[in-house]
Structure formats: C-alpha cells, structure tokens
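K.L.:
Just dropping this structure here.
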Amino acid sequence: NSVIHAYANAIDSRYPNNSNKRYPSNNNNALYAQKAEYLLKEMETLFRSGTMGSVEPDVVSYSAVINAYARAASKENEWCADRAMQICDELEENYLAAIKADKKGIAEPNKKVYSAVCCPFFDCKTPYFLLSALMVLLLQ
C-alpha cells in the first residue's frame, strides 16, 4: 500500500491546466496512476496465486489507485476518469462475488472510493461526465 500511495501522491500539480484547477495535469500524472494500478494488479495476482497471502489488496489499495486516476483526469486525459470508474466497478464486482461465495475480509467499497471516482466527472464539466457522476452517486 505504501508504494501505491507514493505513486498516487506523485501527481504533479506544478503545470497549469484549465480543465482541472484542483489537480493540474501533465503527461506524467497518468503514468503515475498506471504504475499505481500495475502494483494493485500485482498484489491481486500474488494473493490469488497463494504465493503471498499477506498482500491482499484492501479498500485503501483500491481507493489510492482510483484517487490517482481521478487526480490525473483532465480534458487531455479523459480516459483517466473512465479508468477510475472501471476500477470502482471491478471493486464492486469482486465484493459482490465474495459475498456470494461467503468469503470474508474482501475489500468493500466505501464513501472515499465513491467520492474519489466522482471528482473527475464533476471537474470536467461536460454533460457526459456530469451524468456519469450523478449515476455513480445514485446507484450507490
């Protein structure tokens, strides 16, 4: 989790960008988000393979990656907002599958996850993104 957080917090806010005043964008921001996601996927793989049972991703892991993509999202990197939504969907699917299989200790989506995934949609201020953000909030 510490390394994922390091990548998520490496989002550079020094470069001005009109589309997202909270977290201005440059091309490295999306790269840091991708690196954080790569580590999350590695954690999932190691945990599922049984190689390292202690590296199970938790809600903190997922929310850090979602937050990294949310912070990297801008009009130049709209795909980052979509990727944040996809990771949130994966977290929900994994959680629901675990409930059906009667497994405990699986990461459960929480308010921080949903707040992070909504931020880029509100910041982009286009009708598609605003509608997407409202759908996330309404469906939860």
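Residue numbers for the sequence shown, in our numbering: 26 to 165.
Where is the CB? At the ideal position from N, CA and C, for every residue including glycine.
#1: Quick check on M23: buried or exposed, where buried means 16 or more other Cβ atoms within 10 Å of its Cβ?
#2: Closest to V90 by CA distance: which of T76, D114, S74, S79 is it?
#3: Select from C144, Y32, Y57 the residue whose C-alpha is nearest the C-alpha of A107.
#4: Starting from D127, follow the alpha helix (DSSP H) in both directions and report where the run begins and ends.
#5: Can you name the start and end residues of the alpha helix (DSSP H) that N92 belongs to?
#6: Just curious, the alpha helix (DSSP H) that S27 is in, first and last residue?
#7: Note down, in chain order, each residue of its chain lying with its Cβ closer than 8 angstroms to the Cβ of E62, except the 5 sequence neighbours on either side.
#8: Going by C-alpha to C-alpha distance, which of A33, E101, L116 sits closest to P82?
P.N.:
The structure says:
#1: Residue 23 is absent from the structure shown; the chain starts at 26 and stops at 165.
#2: Measuring from the Cα of V90, the nearest candidate turns out to be D114.
#3: Sequence inspection shows Asp at residue 107; the Ala mentioned does not correspond to that position. The shortest Cα separation from D107 among C144, Y32, Y57 belongs to C144.
#4: Looking at the DSSP string, D127 is not in any alpha helix (DSSP H), and its letter there is neither H nor E.
#5: DSSP places N92 inside the alpha helix (DSSP H), whose first and last residues are 84 to 97.
#6: Looking at the DSSP string, the run of the alpha helix (DSSP H) that includes S27 is 27 to 33.
#7: Contacts found: V90, A93, Y94, R108, I112.
#8: Nearest C-alpha to P82: L116.
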